[in-house]
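If you read the sequence shown in the working numbering, its first letter stands for residue 2, the second for the next number, and so on. Quick reminder that beta carbons are idealized off the backbone N, C-alpha and C, glycines included. Quick caveat: nothing in here was measured; it's all calculated off a predicted structure. Before any comments, here is the structure.
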Amino acid sequence: MTPSFRAIAFSGSLRNGSSNTALVRMAQRLAPPELHIEIIDWVHELPWMNPDLETDPPEPVQRWWNALREADALIVGMPEYNWNPTPLAKNALDWATRPPDDRAINGTAVAFLSSAGRAGGANSQGNIGTILGYMGAIVVDEPPVRLSLVADRINADGTTDDPEIEAAVSAKLDAVVAALHARPS
Ligand SMILES: Cc1cc2nc3c(=O)[nH]c(=O)nc-3n(C[C@H](O)[C@H](O)[C@H](O)COP(=O)(O)O)c2cc1C
Numbered sequence: 002m003t004p005s006f007r008a009i010a011f012s013g014s015l016r017n018g019s020s021n022t023a024l025v026r027m028a029q030r031l032a033p034p035e036l037h038i039e040i041i042d043w044v045h046e047l048p049w050m051n052p053d054l055e056t057d058p059p060e061p062v063q064r065w066w067n068a069l070r071e072a073d074a075l076i077v078g079m080p081e082y083n084w085n086p087t088p089l090a091k092n093a094l095d096w097a098t099r100p101p102d103d104r105a106i107n108g109t110a111v112a113f114l115s116s117a118g119r120a121g122g123a124n125s126q127g128n129i130g131t132i133l134g135y136m137g138a139i140v141v142d143e144p145p146v147r148l149s150l151v152a153d154r155i156n157a158d159g160t161t162d163d164p165e166i167e168a169a170v171s172a173k174l175d176a177v178v179a180a181l182h183a184r185p186s
């Protein structure tokens, strides 16, 4: 089956061997036939959010906005640092909510995949998920992928020996496809 929906995916962790980058790779590997997932590995090239830059957006910002506008869905490997998204993820998502009169994230299905400490990413997904919904995104919250203290079970190449982790990621991807089918045209 030719994929009918396009997703882009990025990881909010820059760490070598990141379990969240691995979750993004796992999502690409497990993508259902209807969903094509392209991994974006350059969100660190986005400048720090500064509204002064919006009058003449730098090339990485334009590239990010174009990628979002061409995608049906955005998948984020979302770690949790001190109960929040990492600065990398927050910065990319802040840019995604701009410009205010034509937000790049508007109409995009957004799904978070988190591998974190005890909180499992509940805090890092929570507030930003709520606000992205206010900004016009379709936040696919259920079923959650909030993996607690399992980073050592997820290999850097996106494989795992834990079928429950794969099942959780697959269920989320199925929910993204369902949300896109239900999206108002
Ligand atoms: C600065 C810092 C703060 C952290 N704060 C939290 C936290 O508030 N809640 C949590 O569940 N894990 C927390 N962690 C643990 C990370 O979420 C965990 O190490 C995760 O595996 C990192 O993702 P990665 O493997 O993709 O790099 C923190 C880690 C760091 C480095």
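- When secondary structure is reduced to three states using DSSP, S116 falls in the strand class.
- Distances from the CB of R119 to the heavy atoms of ligand 1 include at least one below 7 angstroms.
- DSSP places T98 in the coil class of the three-state scheme, outside both helix and strand.
- Using a 10 angstroms sphere on the CB of L69, the tally of other CB atoms reaches 16 or more, which defines it as buried.
- Each of D95, D175, P100 and L89 was checked against the Cα of T56, and the nearest Cα belongs to P100.
- Cβ neighbours of V151 within its own chain (closer than 8 angstroms, five residues either side excluded): S20, S116, D163 and I166.
- If you check the C-beta of Y82 against ligand 1, you find a heavy atom less than 7 angstroms away.
- Our two residues, A90 and T3, have alpha carbons roughly 30 angstroms apart in a direct line.
- Here the stretch 70–78 makes contact with the stretch 3–12; the two share three or more CB pairs at distances below 8 angstroms.
- Beyond the five residues adjoining it in sequence on each side, A176 comes within less than 8 angstroms, by CB distance, of A112, V141, E143 and P144 in the same chain, given in chain order.
- Apart from the 5 residues on each side of it in sequence, V178 sits with its Cβ closer than 7 angstroms to the Cβ of F6, P33, E35 and L36 in its chain, given in chain order.
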